[in-house]
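Peer 1:
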Amino acid sequence: MSVSENLNQIHAKIKSAAEGAGRPVDDVHLVAVSKKQPDERIEEALSAGHRVFGENRVQEAQQRWAERRLQYPDLKLHLIGPLQTNKAKEAVALFDVIETLDREKLARAVANEMAKQGRDLPCFIQVNTGAEEQKAGIHPDAVSDFYDFCYGECGLDIQGLMCIPPIDEPPEEHFKQLAGYAADLGLKALSMGMSGDYESAIAHGATYIRVGTGVFGARPKQD
Ligand SMILES: *Cc1c(COP(=O)(O)O)cnc(C)c1O
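When you line the sequence shown up against the numbering used here, it's residues -7 to 215, in that order.
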């Protein structure tokens, strides 16, 4: 299937999942995860009118999007991968949404850069809902304090929470957990759900789903 057919099919599934959950379909936004995808697939998505993309590496995103940004002023780029503080400057300059705030040092660096560059980007806090050792994201016990720090101390525009459930567990418990933390904090946006589970994520309240292979097909093996 072509990228535009994939997009049509995903939009149809988003619609039925939202309707099934009694939610307005406009509440659910598709972030097409373009990391590692070949250029022609990106171009196909752009030709089909899609404008919201997710990338997990700053440098790769710069290469792919810095020029296209000028061509597509309505582009929205989400950073969905871990961010090093020394890349905060580049990230703030390139992205429109930062989904992966997960520690004070990073929140501070991002806030400083935004002030310097005169940009006020919407942000998400990434929560390590499975409390997995190797995984990015703030520990669930620390979400509330970290939110206070980001919002109160750094003045960041925190719109919601993001999670990547553990690979070997049913994601539903994690979607519910994330929705619960967001409700406690009064946050409206939830970034959760990927190619394999976005319909379930929508049923649990996702407002942003991050779909890569479902939109573009399998990522080519590199190296
Ligand atoms: C790669 C990636 C996705 C998309 O995964 P697919 O299974 O290809 O849909 C979503 N979220 C994050 C954080 C990712 O790194």
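Cβ atoms here follow ideal geometry from the backbone N, Cα and C, with glycine treated the same way.
1) Please report the residue range of the alpha helix (DSSP H) in which Ser187 lies.
2) How far does the alpha helix (DSSP H) with Arg111 in it extend, from its first residue to its last?
3) Assuming Leu71 and Glu91 form a contact by the criterion Cβ under 8 angstroms, report the distance between their Cβ atoms to the nearest whole angstrom.
4) For Arg43 versus Lys27, is the C-beta spacing smaller than 8 angstroms?
5) Would you say the region 93 to 104 touches the region 159 to 174, given that touching needs at least three Cβ pairs under 8 angstroms?
6) Does ligand 1 have even one heavy atom less than 7 angstroms from the beta-carbon of Lys187?
7) Looking only at its own chain, which residues have a Cβ that is under 6 angstroms from the Cβ of Glu82, when we skip the five neighbours before and after it?
8) Under a Cβ-count criterion, where at least 16 other Cβ atoms within 10 Å of its own Cβ denotes burial, should Gln1 be classed as buried or exposed?
9) Within this structure, are the beta carbons of Ala24 and Pro16 separated by less than 8 angstroms?
10) Could you tell me whether the region 133 to 148 touches the region 190 to 201, using the rule of 3 or more Cβ pairs below 8 angstroms?
11) Which first and last residues belong to the beta strand (DSSP E) in which Ala10 is found?
12) Which residues share a DSSP beta bridge with Arg202?
13) Have a look at Ala80 and Glu105 and give me their C-alpha separation to the nearest angstrom.
14) Which whole-angstrom value describes the C-beta separation of Leu75 and Trp57, a residue pair presumed to lie in contact below a C-beta threshold of 8 angstroms?
15) Determine the direct distance from the alpha carbon of Asp19 to that of Lys5, and round the result to whole angstroms.
16) Determine the contact status of Ala181 and Gln151, defining contact as a CB-CB distance below 8 angstroms.
17) Using three-state DSSP, classify Gln29 as helix, strand or coil.
18) Can you tell me the Cβ-Cβ gap for Asp149 and Asp88, rounded? I've got them flagged as a contact below 8 angstroms.
19) Looking at Leu67 and Val207, is the spacing between their C-beta atoms short of 8 angstroms?
20) Give me the residue from Gln54, Arg60, Gln55 with the minimum Cα distance to Ala37.
Peer 2: Looking at the coordinates:
1) Premise fails: Ser187 is in no alpha helix (DSSP H) and is neither H nor E.
2) Unbroken run through Arg111: none, as it is neither H nor E.
3) 6 angstroms
4) no
5) no
6) It is worth fixing the name first, because residue 187 is Ser in this sequence and not Lys. At least one heavy atom of ligand 1 falls within 7 angstroms of the beta-carbon of Ser187.
7) Contacts found: Val50.
8) exposed
9) no
10) Flag = no, the region 133 to 148 and the region 190 to 201 do not touch.
11) Looking at the DSSP string, Ala10 is not in any beta strand (DSSP E); the run it does join, the alpha helix (DSSP H), is -5 to 12.
12) Val23
13) 7 angstroms
14) Contact doesn't hold; Cβ gap of about 16 angstroms is too wide.
15) Their backbone Cα atoms lie some 14 angstroms apart in a straight line.
16) The Cβ atoms of Ala181 and Gln151 sit closer than 8 angstroms to each other.
17) coil
18) The Cβ separation is near 12 angstroms, so there is no contact.
19) no
20) Answer by Cα proximity: Arg60.
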